[in-house]
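What follows is a single structure, written as structure tokens, with notes after it.
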Amino acid sequence: MGFGQAALIALGYYLANSPWLFGLAYYTLFRPLVAGLLVGLILGHPAEGTLIGAAINVPYLGFISAGGSYPSDVAFAGWVGTTIALAGGLNPAAAIAVAIPLGLLGTLVFYGRMSVSAVFAHWADDRAEKADINGVAFMNVVPGQILLFVISFVPVFLLALNGPGFVKDAIDRLPLWFSDGLVIAGGILPAIGIALTMRFIFRGSAIPYFFIGFILFTFSGGSMSLVVIAAIGVALAYLHLTFTGGLAPKSTEAAAEIATAPVLMTSDETAPAGRHLTRGDVLRSWITWSFFSHANYNYERLQGTGFAHAMTPIIRKLYTTPDEIRAALKRHLVFFNTEPNFGNVIHGAVIALEEQRANGAPIDDDAINSVKSGLMGPISGIGDTLSQSTIAPILLALGIGIAGGTATGSSIPNFAPGSTGNVLGPIIYVALVSVIIVGIGYVAWMQGYLRGRAFVTDLLRSGTIDRVLTGAGVLGNLVLGALAAKVVTLYLAPTVSIYGAQLNIQASVLDPIFPGVLALGLVLITFWLLRRVSPLWILAGMLTFSIIAAFPFFGPGPQNPNDYSYQACTSSLLHKYAPCGVPPAPSAAPQASPSPAASTAP
Amino acid sequence: MSLRLVRIDDRLIHGQVVAGWLRALGARRIVIVDDATARDEFLRDVLTLAAPSDVPVEVLNIADGAIRCIELAASPEPVFVLARSPRTVLGLRQAGVPIEVVDLGGMGSGPGRKRLHKTISISPDELAELRELERLGTRVEIQIVADDRPIPFRSLDSTH
Numbered sequence: 047m048g049f050g051q052a053a054l055i056a057l058g059y060y061l062a063n064s065p066w067l068f069g070l071a072y073y074t075l076f077r078p079l080v081a082g083l084l085v086g087l088i089l090g091h092p093a094e095g096t097l098i099g100a101a102i103n104v105p106y107l108g109f110i111s112a113g114g115s116y117p118s119d120v121a122f123a124g125w126v127g128t129t130i131a132l133a134g135g136l137n138p139a140a141a142i143a144v145a146i147p148l149g150l151l152g153t154l155v156f157y158g159r160m161s162v163s164a165v166f167a168h169w170a171d172d173r174a175e176k177a178d179i180n181g182v183a184f185m186n187v188v189p190g191q192i193l194l195f196v197i198s199f200v201p202v203f204l205l206a207l208n209g210p211g212f213v214k215d216a217i218d219r220l221p222l223w224f225s226d227g228l229v230i231a232g233g234i235l236p237a238i239g240i241a242l243t244m245r246f247i248f249r250g251s252a253i254p255y256f257f258i259g260f261i262l263f264t265f266s267g268g269s270m271s272l273v274v275i276a277a278i279g280v281a282l283a284y285l286h287l288t289f290t291g292g293l294a295p296k297s298t299e300a301a302a303e304i305a306t307a308p309v310l311m312t313s314d315e316t317a318p319a320g321r322h323l324t325r326g327d328v329l330r331s332w333i334t335w336s337f338f339s340h341a342n343y344n345y346e347r348l349q350g351t352g353f354a355h356a357m358t359p360i361i362r363k364l365y366t367t368p369d370e371i372r373a374a375l376k377r378h379l380v381f382f383n384t385e386p387n388f389g390n391v392i393h394g395a396v397i398a399l400e401e402q403r404a405n406g407a408p409i410d411d412d413a414i415n416s417v418k419s420g421l422m423g424p425i426s427g428i429g430d431t432l433s434q435s436t437i438a439p440i441l442l443a444l445g446i447g448i449a450g451g452t453a454t455g456s457s458i459p460n461f462a463p464g465s466t467g468n469v470l471g472p473i474i475y476v477a478l479v480s481v482i483i484v485g486i487g488y489v490a491w492m493q494g495y496l497r498g499r500a501f502v503t504d505l506l507r508s509g510t511i512d513r514v515l516t517g518a519g520v521l522g523n524l525v526l527g528a529l530a531a532k533v534v535t536l537y538l539a540p541t542v543s544i545y546g547a548q549l550n551i552q553a554s555v556l557d558p559i560f561p562g563v564l565a566l567g568l569v570l571i572t573f574w575l576l577r578r579v580s581p582l583w584i585l586a587g588m589l590t591f592s593i594i595a596a597f598p599f600f601g602p603g604p605q606n607p608n609d610y611s612y613q614a615c616t617s618s619l620l621h622k623y624a625p626c627g628v629p630p631a632p633s634a635a636p637q638a639s640p641s642p643a644a645s646t647a648p
Numbered sequence: 008m009s010l011r012l013v014r015i016d017d018r019l020i021h022g023q024v025v026a027g028w029l030r031a032l033g034a035r036r037i038v039i040v041d042d043a044t045a046r047d048e049f050l051r052d053v054l055t056l057a058a059p060s061d062v063p064v065e066v067l068n069i070a071d072g073a074i075r076c077i078e079l080a081a082s083p084e085p086v087f088v089l090a091r092s093p094r095t096v097l098g099l100r101q102a103g104v105p106i107e108v109v110d111l112g113g114m115g116s117g118p119g120r121k122r123l124h125k126t127i128s129i130s131p132d133e134l135a136e137l138r139e140l141e142r143l144g145t146r147v148e149i150q151i152v153a154d155d156r157p158i159p160f161r162s163l164d165s166t167h
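Going line by line, the protein sequences match chains A and B.
For what it's worth, the numbering used here labels the leading residue of the first sequence as 47, then goes sequentially.
For what it's worth, the numbering used here labels the leading residue of the second sequence as 8, then goes sequentially.
In structure tokens, the structure reads:
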């Protein structure tokens with residue numbers, strides 16, 4: 047690994063948490079699927095990198111960060127995990143097991159930044175006191191980004207330089223059955239990502255579609271493309287909505303009153319000589335927010351300074367005296383946190399209120415604050431459900447499904463050596479997620495401005511969001527079920543003796559009746575466990591169990607780390623079974639290695 | 008019987024609340040107790056609409072909320088009670104609502120507020136109110152999302 051390559055990887059990790067990608071970093075570079083492709087490009091093996099990134103992404107399929115919580119640093123797991131696996135010659139399934147502790151380690155970067163950045167919010171307060179609009183904008187971006195750059199770049203640069211060698215040495219020193227356990231874990235751990243995502247969408251009338259997706263994929267022998275399954279999903283979603291009659295609009299007591307409430311907008315009557323905002327001002331504000339909403343994310347104010355920064359084009363246009371400017375900046379520097387795309391209805395409505403206020407309407411600080419503080423919670427509830435728990439996981443499932451290997455589930459684990467990654471997976475994912483997220487953000491912002499609070503209640507009451515979520519739930523379950531069939535791999539090696547014949551329970555009993563039933567059972571059990579146990583305990587349990595299960599209790603252990611042929615004769619609990627003495631079919635166990643550095647026979 | 012959990016969150020219904028806590032508690036009903044919110048028709052409406060469509064939301068002031076909570080505490084149906092401030096919860100407790108645990112889930116910062124833990128900041132008044140709640144036999148814990156391990160308030164209070 048050259049210095050330049052390590053520096054590019056470290057830069058990529060910084061960018062994944064930075065504001066510089068129009069606020070899309072969280073949906074793009076932050077995800078291991080995308081990081082895998084980019085690390086692959088930097089190291090000259092894009093297809094292999096994509097495969098590793100896709101593998102690492104699966105356990106994080108259901109990742110959400112809300113209200114300042116941060117269960118795992120997914121970007122750290124993706125960028126560093128792919129680097130170590132690719133440069134250290136680890137196979138993609140084992141990379142999953144290596145990436146998870148990295149994800150936990152990476153949360154230190156987040157906590158450090160969230161704690162320290164609160165200081166910069168106070169610096170912004172000082173600038174606001176001096177009615178310094180540019181100063182507030184500066185404090186929202188520059189100090190926090192310098193801090194973030196240092197604490198992101200340095201550790202990842204050092205890990206990229208030294209990590210691969212270190213991990214490769216460690217793996218070389220470990221007994222083969224141990225590193226084999228990591229591969230087994232790579233087949234089991236994806237169940238967590240599937241189950242975490244199921245918590246969002248596996249419910250109600252959408253549940254059967256998960257099983258349909260699973261069965262479609264297994265009965266096609268693993269050959270059905272996820273794109274085809276997604277296309278079927280769209281058709282089924284349409285049928286489902288049609289035949290269930292959609293969803294009746296939700297009614298509340300005050301429905302009529304609110305719906306007819308006057309739309310908050312300035313008109314020439316209320317402000318004859320007024321200060322008016324142009325479409326350009328409102329757009330500039332939206333663009334500022336899109337870039338910098340999380341530039342100075344911190345525990346004290348969360349998006350507080352980001353909100354004030356987004357209001358700077360508005361404040362500059364509407365207010366002229368230092369007193370007005372100071373008051374407006376301070377008004378918007380307080381604690382604020384919402385989902386930063388759908389939540390834009392709040393900003394739009396607040397801009398409309400500011401415009402009226404600047405034109406003499408009797409709107410005091412309390413009125414504006416109550417719109418912000420009253421709406422930010424409920425709106426982020428809907429926004430997170432929409433973007434983080436529905437759109438992102440479904441598109442990721444699709445992207446991972448496309449990226450994740452050409453091997454079929456029936457022969458070797460999908461992320462095992464021999465599978466080939468498809469760079470179209472991350473590319474399609476990024477294109478779709480960017481258009482949808484930016485689209486939601488733009489419409490919410492503009493409608494919030496033009497129609498004010500009425501837009502919020504009208505939209506909620508119309509049932510549109512419920513319909514979108516229901517339709518997405520159908521599509522999501524179908525894709526998720528197929529992805530579960532594709533990435534969750536569980537083999538059972540032991541045999542039972544019946545009338546003298548050695549029968550493997552999986553190969554001879556279960557799979558002929560219901561292919562992949564073990565993997566499906568594992569996913570359902572994990573889903574059930576998640577209601578009772580924290581995901582971290584399940585992760586730790588699965589990892590330990592996989593390694594123990596790889597121990598060759600029943601016969602000779604593996605001879606070569608990338609050689610699946612030893613599985614031809616049962617040696618441990620969780621290996622693919624084949625009768626002793628029968629050589630594996632050549633196509634079932636290709637010897638290709640994921641990177642040129644791989645494949646070290648003892 | 009008593010209410011298993013009352014959550015204090017200045018954003019009331021939001022992402023994790025909807026997604027995580029309803030599931031963790033197995034609750035199919037949300038009761039929001041807050042005087043100012045109960046007066047505001049628009050916010051009442053938004054909160055009602057923001058919850059999942061099969062989860063009924065009631066927005067009540069402290070007086071009505073206390074009556075309703077006593078009623079609900081006596082029934083076996085799990086219910087998720089949300090309030091904006093410790094004062095509201097203390098008001099409920101003093102009105103005779105049996106509350107097992109108060110969860111501090113989100114209390115933003117502001118002038119005169121001291122950071123206790125991550126996104127939890129409290130004012131001196133709130134500190135006194137929380138201590139009073141503990142004195143009345145209600146456990147106070149910090150648990151921002153349902154997957155977090157709860158941190159006893161007392162362990163952080165002693166360092167104050």
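Virtual Cβ for every residue (Gly too), placed ideally from N, Cα, C.
Note that the coordinates shown come from a computational prediction; the quantities given were computed from them, not determined experimentally.
Provide the residue span of the alpha helix (DSSP H) that contains glycine 72 (chain B), from first to last. Taking the first residue of the second sequence as position 1, residue 72 (chain B) is located at position 65. Here the alpha helix (DSSP H) through glycine 72 (chain B) covers 69–81.
Nearest-angstrom Cα distance between isoleucine 278 (chain A) and isoleucine 482 (chain A)? Position 232 of the first sequence, counting from 1, holds the residue named residue 278 (chain A). Position 436 of the first sequence, counting from 1, holds the residue named residue 482 (chain A). Those two C-alpha atoms are separated by around 20 Å.
Is the Cβ-Cβ distance between valine 391 (chain A) and glycine 494 (chain A) less than 7 Å? By one-based count along the first sequence, residue 391 (chain A) stands at place 345. By one-based count along the first sequence, residue 494 (chain A) stands at place 448. Yes, Cβ-Cβ distance for valine 391 (chain A) and glycine 494 (chain A) is below 7 Å.
Chain A contact for threonine 95 (chain B) (CB, 7 Å cutoff): Sequence index remark: in the second sequence, residue 95 (chain B) carries index 88 (1-based). With respect to chain A, the C-beta atom of threonine 95 (chain B) has no partner C-beta closer than 7 Å.
Out of A:Ala177, A:Ala131 and A:Phe597, point me to the one whose CA is closest to phenylalanine 212 (chain A)'s CA. Here residue 212 (chain A) is taken as the residue at index 166 of the first sequence, counted from 1. For phenylalanine 212 (chain A), the nearest C-alpha among the options comes from A:Ala131.
Does the beta carbon of threonine 126 (chain B) sit closer than 7 Å to a beta carbon anywhere in chain A? To locate residue 126 (chain B), count along the second sequence from 1; it is residue 119. Threonine 126 (chain B) counts as touching chain A.
Heavy atom of the ligand ZN within 6 Å of threonine 44 (chain B) beta-carbon: As for the ligand ZN, it is missing from this structure, which has no ligand bound.
Which residues DSSP lists as bridging arginine 146 (chain B), in chain order: Indexing the second sequence from 1 puts residue 146 (chain B) at position 139. Note: arginine 146 (chain B) sits in a beta bridge opposite B:Val108.
Compare the C-beta of arginine 159 (chain A) against all C-beta atoms of chain B and say whether one is closer than 7 Å. Reading the first sequence from its first residue, position 113 is the one you call residue 159 (chain A). Contact of arginine 159 (chain A) with chain B is not assigned, every C-beta pair being separated by 7 Å or more.
State yes or no: is the beta carbon of arginine 11 (chain B) nearer than 7 Å to at least one beta carbon in chain A? Start at 1 with the first residue of the second sequence, and residue 11 (chain B) comes out as number 4. So, not an interface residue.
For glutamate 136 (chain B), which residues in the same chain have their Cβ closer than 6 Å to its Cβ, ignoring the five residues on either side in sequence? As a first step, residue 136 (chain B) must be located in the second sequence, where it is residue number 129. So the qualifying residues of the chain are Pro93, Arg94 and Leu97.
For the alpha helix (DSSP H) containing alanine 93 (chain A), name the first residue and the last one. Along the first sequence, read from residue 1 onward, the residue named residue 93 (chain A) stands at position 47. 92–103 is the extent of the alpha helix (DSSP H) around alanine 93 (chain A).
Using a Cβ cut-off of 7 Å (strictly closer), state whether valine 53 (chain B) contacts chain A. The sequence position of residue 53 (chain B) within the second sequence is 46, counting from 1. Yes, contact with chain A.
The alpha helix (DSSP H) enclosing histidine 124 (chain B), as first and last residue numbers: Counting from one through the second sequence, the residue named residue 124 (chain B) turns up at place 117. No alpha helix (DSSP H) holds histidine 124 (chain B); the beta strand (DSSP E) holding it covers 121–124.
Hey, out of B:Val24, B:Leu10, B:Arg11 and B:Ala57, whose CA is closest to glycine 112 (chain B)'s CA? Position 105 of the second sequence, counted from the first residue, corresponds to residue 112 (chain B). Considering only alpha carbons, the answer is B:Val24.
Quick one: measure Cβ to Cβ for methionine 114 (chain B) and isoleucine 20 (chain B), integer angstroms, because I've assumed they're closer than 8 Å. Counted from its first residue, the second sequence places residue 114 (chain B) at position 107. Counted from its first residue, the second sequence places residue 20 (chain B) at position 13. So it is not a contact: roughly 16 Å between Cβ atoms.
Which value, in whole angstroms, describes the spacing of the CA atoms of phenylalanine 597 (chain A) and isoleucine 110 (chain A)? Against the first sequence, residue 597 (chain A) aligns to sequence position 551. Against the first sequence, residue 110 (chain A) aligns to sequence position 64. Each residue's Cα considered, the two are about 35 Å apart.
Which residue marks the beginning of the alpha helix (DSSP H) containing leucine 650 (chain A), and which one marks its end? Nothing can be reported for residue 650 (chain A), as the shown portion of chain A is limited to 47 through 648.
How many Å lie between proline 386 (chain A) and leucine 323 (chain A) at the Cα? Indexing the first sequence from 1 puts residue 386 (chain A) at position 340. Indexing the first sequence from 1 puts residue 323 (chain A) at position 277. Rounded to the nearest angstrom, the two C-alpha atoms are 22 Å apart.
Three-state class that DSSP yields for glutamine 552 (chain A) in the structure shown: As a working mapping, residue 552 (chain A) is identified with position 506 in the first sequence. Here glutamine 552 (chain A) sits in helix by DSSP.
What alpha helix (DSSP H) runs, 4 residues minimum, are completely inside the stretch 243–268 of chain A? Scanning the stretch 243–268 of chain A from its first residue to its last, the whole alpha helix (DSSP H) runs of 4-plus residues come out as 253–265.
Quick check on proline 159 (chain B): does DSSP put it in helix, strand or coil? Along the second sequence, read from residue 1 onward, the residue named residue 159 (chain B) stands at position 152. If DSSP states are grouped into helix, strand and coil, proline 159 (chain B) belongs with the strands.
If you run the structure through DSSP and keep just helix, strand and coil, what is leucine 10 (chain B)? The count along the second sequence starts at 1 and reaches residue 10 (chain B) at position 3. Strand at leucine 10 (chain B).
So with CB distances below 7 Å, who are the chain B contacts of leucine 399 (chain A)? As a working mapping, residue 399 (chain A) is identified with position 353 in the first sequence. The contacting residues do not exist; leucine 399 (chain A) stays about 13 Å from chain B at best.
Taking the Cβ atom as the reference point for each residue, do alanine 237 (chain A) and leucine 589 (chain A) lie within a distance shorter than 7 Å? Taking the first sequence and counting its residues from 1, the one referred to as residue 237 (chain A) is at position 191. Taking the first sequence and counting its residues from 1, the one referred to as residue 589 (chain A) is at position 543. Not a contact, by the Cβ cut-off of 7 Å.
Run down chain B in chain order and give the residues with a C-beta less than 7 Å from the C-beta of leucine 421 (chain A). Along the first sequence, one-based indexing puts residue 421 (chain A) at 375. Ordered by position in chain B, the residues that pass the 7 Å Cβ test against leucine 421 (chain A) are Val53.
Pop quiz: leucine 515 (chain A) and threonine 384 (chain A) are said to be a contact at Cβ under 8 Å. What is the actual Cβ separation, rounded to whole angstroms? Reading the first sequence from its first residue, position 469 is the one you call residue 515 (chain A). Reading the first sequence from its first residue, position 338 is the one you call residue 384 (chain A). Contact flag wrong, Cβ pair sits at about 18 Å.
In three-state DSSP terms, what is isoleucine 37 (chain B)? Within the second sequence, numbered from 1, the residue matching residue 37 (chain B) stands at position 30. Strand.
Between glutamate 84 (chain B) and alanine 34 (chain B), what straight-line distance do the alpha-carbon atoms span, to the nearest angstrom? Residue mapping note: residue 84 (chain B) aligns to position 77 of the second sequence, counting from 1. Residue mapping note: residue 34 (chain B) aligns to position 27 of the second sequence, counting from 1. Answer to the nearest angstrom: the Cα atoms are 7 Å apart.
For proline 105 (chain B), I'd like the list of residues in its chain whose CB is within less than 6 Å of its CB, leaving aside the five on either flank, ordered along the chain. Here the question's residue 105 (chain B) lines up with position 98 in the second sequence. For proline 105 (chain B), where only same-chain residues beyond five positions count, the Cβ hits under 6 Å are Ser9 and Ala80.
Would you mind listing the beta strand (DSSP E) stretches within the stretch 500–536 of chain A that are 3+ residues and don't spill past its ends, in chain order? none
Alanine 510 (chain A) CB to nearest chain B CB: under 7 Å? Here residue 510 (chain A) refers to the residue found at position 464 of the first sequence. It should be noted that the sequence gives threonine, not alanine, for residue 510 (chain A). Answer no: the Cβ-Cβ gap between threonine 510 (chain A) and chain B never drops below 7 Å.
So, at 6 Å on beta carbons, what are the nonlocal neighbours of leucine 242 (chain A) in its own chain, with the 5 sequence-adjacent residues on each side left out? In the first sequence, counting from the first residue as 1, residue 242 (chain A) sits at position 196. Correct list, in chain order: Gly108.
Using beta carbons (cut-off 7 Å, strictly below), is serine 339 (chain A) in contact with chain B? As a working note, residue 339 (chain A) is residue 293 in the first sequence. Judged by the 7 Å Cβ criterion, serine 339 (chain A) is not in contact with chain B.
Here's a check: name, in chain order, each residue in its chain whose Cβ is nearer than 8 Å to the Cβ of valine 80 (chain A), leaving out the five neighbours to either side. For the purposes of this step, residue 80 (chain A) is taken as the residue at position 34 of the first sequence. Cβ neighbours of valine 80 (chain A) beyond the five flanking positions: Thr74, Gly99, Gly124, Pro472, Tyr475 and Val476.
On a Cα-Cα basis, can you pick out the residue from A:Pro78, A:Met160, A:Arg499 and A:Ile571 that is closest to isoleucine 138 (chain A)? Here the question's residue 138 (chain A) lines up with position 92 in the first sequence. The amino acid occupying residue 138 (chain A) in the given sequence is proline; isoleucine does not appear at that position. Closest option to proline 138 (chain A), Cα to Cα, is A:Pro78.
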